[in-house]
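Engineer:
In the numbering used here, the protein residues as written are 1 to 342.
(1) Go through the segment 129-189 residue by residue and report every complete run of the beta strand (DSSP E) that reaches 3 residues or more, in order.
(2) For residue 303, which residues from the same chain have a beta carbon less than 6 Å from its beta carbon, with the 5 sequence-adjacent residues on both sides left out?
(3) How about residue 159 and residue 211: do their beta carbons lie closer than 8 Å?
(4) Could you check whether the segment 25-38 touches the segment 115-123, counting it as contact only if at least three pairs of C-beta atoms, one from each stretch, sit closer than 8 Å?
(5) On the DSSP letters alone, give me the boundaries of the beta strand (DSSP E) that residue 44 sits inside.
(6) Leaving out the 5 sequence neighbours to the left and right, which residues in its chain are closer than 6 Å to residue 100 when beta-carbon positions are compared?
(7) With which residues is residue 345 paired in a DSSP beta bridge?
(8) Could you please give the first and the last residue of the uninterrupted beta strand (DSSP E) stretch that includes residue 244?
(9) In three-state terms, what does DSSP make of residue 124?
(10) Between the Cα of residue 64 and those of 110, 91, 50, 134, spot the shortest distance and give me the residue it belongs to.
(11) State the start and end residues of the unbroken alpha helix (DSSP H) segment that holds residue 81.
(12) Is the segment 17-27 touching the segment 37-50 in the sense that three or more CB pairs, one from each, lie closer than 8 Å?
(13) Can you give me the C-alpha to C-alpha distance between residue 13 and residue 125, rounded to a whole angstrom?
(14) Report the option in 246, 163, 233 whose CA atom is closest to the CA atom of residue 190.
(15) For residue 62, which residues from the same chain have a beta carbon less than 8 Å from its beta carbon, with the 5 sequence-adjacent residues on both sides left out?
(16) Would you report the Cα separation of residue 128 and residue 122, rounded to the nearest angstrom?
(17) Count the other CB atoms, across all protein chains shown, that sit within 10 Å of the CB of residue 18; report buried if there are 16 or more and exposed otherwise.
(18) From residue 53 to residue 183, what distance separates their C-alpha atoms?
(19) To which residues does DSSP link residue 97 through a beta bridge?
(20) Under DSSP, the beta strand (DSSP E) around residue 257 begins and ends at which residues?
(21) How about residue 11 and residue 209: are their beta carbons less than 8 Å apart?
(22) How is the alpha helix (DSSP H) around residue 310 delimited, first residue to last?
(23) Taking 8 Å as the cut-off, decide whether the C-beta atoms of residue 49 and residue 291 are in contact.
(24) Of the choices 51, 199, 218, whose alpha-carbon is the least far from that of residue 260?
(25) How would you write the range of the beta strand (DSSP E) that residue 282 sits in, first residue to last?
(26) Assuming the contact rule is C-beta atoms closer than 8 Å, residue 250 and residue 215 should be a hit. Round their C-beta distance to whole Å, please.
(27) Roughly how far, in whole angstroms, is the beta-carbon of residue 223 from the beta-carbon of residue 177, given that I think they are within contact range, below 8 Å?
(28) Please determine, among 78, 91, 264, the residue with the shortest C-alpha to C-alpha distance to residue 51.
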């Protein structure tokens, strides 16, 4: 029987359990240079010490004006590689694997003087109106994704995740709410995402999995639903995605923010349906803090991995605590053995 503490392998990536720390922005870069600092080092390494199988570093952007805020991480320069590499090495030291989420915020780049987007449509009245990208500029951003993925590979990450969810740039190209272009990127809403996927794969070893985070449904009038997300996910799978990290929302409310109302495991049915329709591994995410619930998702084969976000913000040792709740014997750091029964 598979359970939360069963090992898992995708391509050449081997995980000791099915527990994922999903990307969660820390807004903690101090010098606005996109380089991780001691906060990020402690934040990610502590979750590795705490027993997490796969840590995914927060949204890391391909250009300075592609960040949500100036205090976000970036990989637009070779000067940023070394600090990420140090985090990777320490996470590996404590038995976890580590991926990184590569992204561009598009119209949600709050600190950019003039954000860019597929079309000149503001997110809401509190956001700046973005400038619509020229066709050649879109191709240039694809190349920026390529370069950032190359740097992530150089830093030693075990997996790459592309952020195609939550109303950021790849999602903006996918959504009929935000993409009203009349060029090649408007006629085919998947084209930008496909090109980014292909660019990423061109820089990645064949042994390394490419994960894509998607919003499987939108919570706005005129937005897409599960049928449409299954369709574009098939296109992305064909382009090279190895696993989907299934979330929702972003062009309007994000479900995890409580609008619309949410309940435990509210996004898991979306992950299950995409897994079934595409015969592809998926990560479930969204109010999965209860170890018994998280374990049941794996045992019932609704998803292959389970991401625990807010639960890990509260408790870096969530995985070790879950092993106690589920009566699973796992390796505990010798320094902490007195705190756990055997």
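Backbone N, C-alpha and C define an ideal beta-carbon position, used for all residues, glycine too.
These figures come from a predicted structure and were not determined experimentally.
Structural biologist: Here's the rundown:
(1) 159-164
(2) 271, 282, 284, 297
(3) yes
(4) no
(5) It is not in any beta strand (DSSP E) - residue 44 instead sits in the alpha helix (DSSP H) that spans 38-49.
(6) 57, 60, 152, 157
(7) Nothing in the structure corresponds to residue 345, since the chain is present only between 1 and 342.
(8) 243-247
(9) coil
(10) 110
(11) 81-93
(12) yes
(13) 43 Å
(14) 233
(15) 74, 75, 76, 102, 103, 104, 141, 144, 145, 147, 148
(16) 6 Å
(17) buried
(18) 43 Å
(19) 54
(20) Careful: residue 257 lies outside any beta strand (DSSP E) and carries neither H nor E.
(21) yes
(22) 310-314
(23) no
(24) 218
(25) 282-285
(26) 5 Å
(27) 6 Å
(28) 91
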